[in-house]
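Peer 1:
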Amino acid sequence: MKQGILATQIQNSPLLVQKRVRASGAKAKGKSLLFAMNLTTLIDAFCILVIFLLSNMNGQLQNIEIGKKTSLPTAAATEIMAAGIVIRMEDNDIFVEDKKTSTEDIVKTLIDLKTEEKNSLIIQADKDADYDKISLILRAGGMAGYDKYAFAVLPGKVAIAPKTADAGNK
Amino acid sequence: MGLASGSGGKKDLNVELNLLPVFDILSVCICFLLMTVVWVEVRSIETKQAIGGQSIEETDPRASLWLSIDEKNNIVVTVKTPKAADSSSTLAARNGQIDWTKAKSYLLATTSRKIENAHILPTKTTKYDQVIRLMDLLKQNGIKDIGLSPI
Numbered sequence: 001m002k003q004g005i006l007a008t009q010i011q012n013s014p015l016l017v018q019k020r021v022r023a024s025g026a027k028a029k030g031k032s033l034l035f036a037m038n039l040t041t042l043i044d045a046f047c048i049l050v051i052f053l054l055s056n057m058n059g060q061l062q063n064i065e066i067g068k069k070t071s072l073p074t075a076a077a078t079e080i081m082a083a084g085i086v087i088r089m090e091d092n093d094i095f096v097e098d099k100k101t102s103t104e105d106i107v108k109t110l111i112d113l114k115t116e117e118k119n120s121l122i123i124q125a126d127k128d129a130d131y132d133k134i135s136l137i138l139r140a141g142g143m144a145g146y147d148k149y150a151f152a153v154l155p156g157k158v159a160i161a162p163k164t165a166d167a168g169n170k
Numbered sequence: 001m002g003l004a005s006g007s008g009g010k011k012d013l014n015v016e017l018n019l020l021p022v023f024d025i026l027s028v029c030i031c032f033l034l035m036t037v038v039w040v041e042v043r044s045i046e047t048k049q050a051i052g053g054q055s056i057e058e059t060d061p062r063a064s065l066w067l068s069i070d071e072k073n074n075i076v077v078t079v080k081t082p083k084a085a086d087s088s089s090t091l092a093a094r095n096g097q098i099d100w101t102k103a104k105s106y107l108l109a110t111t112s113r114k115i116e117n118a119h120i121l122p123t124k125t126t127k128y129d130q131v132i133r134l135m136d137l138l139k140q141n142g143i144k145d146i147g148l149s150p151i
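Those sequence lines, one after another, are chains A and B.
Here the working numbering is used: the first residue of the first sequence is 1, the next is one more, and so on.
Here the working numbering is used: the first residue of the second sequence is 1, the next is one more, and so on.
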């Protein structure tokens with residue numbers, strides 16, 4: 001019977017070739033340096049890693065990019081961010097869905113971007129920004145027909161009494 | 001041990017499973033998951049526009065809390081009830097900042113009145129961080145609907 005193509009393709013593994021290598025010395029005489037790496041334990045570890053990473057993928061629907069100059073405020077009673085139009089404020093610039101927009105064009109841009117799925121605004125601003133800038137977005141959103149607003153925050157607890165204030169009272 | 005039947009003669013039925021493709025798949029999986037993982041989780045505080053969007057008929061008739069922050073960071077809290085007179089009190093600022101301890105204890109006291117609505121009226125100079133902290137405090141005290149009024 002003819003040998004199949006697959007049978008001729010069989011090659012010895014590099015580990016098998018190494019079988020000829022022998023340990024030197026009197027004690028080690030006759031012992032092979034060959035060791036078979038057990039991949040099963042490695043696969044076990046990989047499986048655990050995959051499960052851990054999959055469980056860490058929480059139901060965050062929208063992953064927004066935080067501006068380099070922006071430090072978001074912190075809040076404890078937060079919710080998972082739903083899909084929406086992202087408005088980012090950096091210094092005096094306003095970015096709607098990562099596109100720089102002038103204050104005059106915000107309403108028009110927001111009307112154009114409004115869909116049935118994306119009918120809320122996600123506002124991302126620096127924690128030290130004055131409220132009049134936020135108010136500008138709220139008014140523009142109201143004019144464009146948005147009534148739900150989500151303020152992007154970092155989850156965490158905020159100390160009720162600031163340290164400086166406590167020090168001043170003592 | 002089992003022997004393979006047929007014309008092939010003696011063949012070992014023990015099969016050594018090749019784990020390398022599994023290893024490859026898992027490696028690709030890990031790479032993909034590591035690339036897509038969200039290291040800095042951003043969450044949100046939701047609100048709706050408080051004033052201007054609705055008619056008188058649509059206005060919620062339940063009791064509500066109105067918190068107006070002035071330029072010196074004093075908070076004037078007004079409790080508006082539909083069938084009673086409004087009551088208001090001022091939470092004075094401490095060191096030019098909102099007195100969070102006082103605000104927290106005041107809101108804890110109002111929780112017993114089962115108020116579920118609140119409206120925040122900041123000024124132009126109010127810091128965004130303080131508005132968020134106030135909203136957070138209200139949410140922590142069981143107030144579900146928080147409105148924010150534009151200037």
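Idealized CB from N, CA, C, for every residue including glycine.
Here the structure is a predicted model, which means the values were calculated and not measured.
For the region 24-47 of chain B, list every residue whose C-beta sits within 8 Å of some C-beta in chain A, in sequence order.
Peer 2: Flagged, chain order: L26, S27, C29, I30, L33, L34, T36, V37, V38, V40, E41, V42, R43, S44, I45, E46 and T47.
Peer 1: Provide the residue span of the beta strand (DSSP E) that contains D145 (chain B), from first to last.
Peer 2: Translated into positions along the second sequence, residue 145 (chain B) becomes position 145. D145 to L148 is the extent of the beta strand (DSSP E) around D145 (chain B).
Peer 1: Going along chain A, which residues have a C-beta under 9 Å from I115 (chain B)?
Peer 2: Mapped onto the second sequence, residue 115 (chain B) falls at position 115. Within 9 Å Cβ-Cβ: nothing; I115 (chain B) doesn't reach chain A, min ~16 Å.
Peer 1: Could you tell me the boundaries of the alpha helix (DSSP H) in which K68 (chain A) lies?
Peer 2: Translated into positions along the first sequence, residue 68 (chain A) becomes position 68. Counting along the chain, K68 (chain A) falls outside any alpha helix (DSSP H), and DSSP gives it neither H nor E.
Peer 1: Measure the C-alpha to C-alpha separation of T126 (chain B) and N119 (chain A) and round it to an integer number of angstroms.
Peer 2: Locating residue 126 (chain B) in the second sequence gives position 126, counting from the first residue. Locating residue 119 (chain A) in the first sequence gives position 119, counting from the first residue. The straight-line gap from Cα to Cα measures roughly 27 Å.
Peer 1: Looking at C-alpha atoms only, which residue of A:L136, A:I66, A:Y149 and A:I48 is the closest neighbour of E104 (chain A)?
Peer 2: Taking the first sequence and counting its residues from 1, one reaches residue 104 (chain A) at position 104. With distances taken between Cα atoms, E104 (chain A) lies closest to A:L136.
Peer 1: Identify the continuous beta strand (DSSP E) that holds L17 (chain B) and give its terminal residues.
Peer 2: Position 17 of the second sequence, counted from the first residue, corresponds to residue 17 (chain B). Note, L17 (chain B): premise wrong, no beta strand (DSSP E); not H, not E.
Peer 1: Tell me which residue opens and which closes the beta strand (DSSP E) that Q130 (chain B) is part of.
Peer 2: Within the second sequence, residue 130 (chain B) is the residue found at index 130, counting from 1. Note, Q130 (chain B): premise wrong, no beta strand (DSSP E); alpha helix (DSSP H) at Y128 to Q140.
Peer 1: For L113 (chain A), I'd like the list of residues in its chain whose CB is within less than 8 Å of its CB, leaving aside the five on either flank, ordered along the chain.
Peer 2: The residue you call residue 113 (chain A) lines up with position 113 of the first sequence. I85, V96 and E97, listed in sequence order.
Peer 1: What number of angstroms, rounded off, separates the C-alpha of A85 (chain B) from the C-alpha of L65 (chain B)?
Peer 2: Your numbering for residue 85 (chain B) matches position 85 in the second sequence. Your numbering for residue 65 (chain B) matches position 65 in the second sequence. So the alpha carbons of these two residues sit roughly 13 Å apart.
Peer 1: Can you tell which of A:I94, A:K100 and A:V158 has the C-alpha that lies nearest to the C-alpha of A125 (chain A)?
Peer 2: Taking the first residue of the first sequence as 1, we reach residue 125 (chain A) at position 125. When the alpha-carbon of A125 (chain A) is set against those of A:I94, A:K100 and A:V158, the nearest one is in A:I94.
Peer 1: Assuming contact is defined by CB atoms lying nearer than 7 Å, are E46 (chain B) and A150 (chain A) in contact in what I supplied?
Peer 2: Here the question's residue 46 (chain B) lines up with position 46 in the second sequence. Here the question's residue 150 (chain A) lines up with position 150 in the first sequence. In this structure, A150 (chain A) lies closer than 7 Å to E46 (chain B) by Cβ.
Peer 1: Which of the residues in the region 87-114 of chain A, read from start to end, lie with their CB under 7 Å from any CB of chain B?
Peer 2: none
Peer 1: What's the C-alpha gap between A149 (chain B) and V28 (chain B)?
Peer 2: The residue you call residue 149 (chain B) lines up with position 149 of the second sequence. The residue you call residue 28 (chain B) lines up with position 28 of the second sequence. The question names Ala, but residue 149 (chain B) in the sequence shown is Ser. For S149 (chain B) and V28 (chain B), the distance between alpha carbons rounds to 49 Å.
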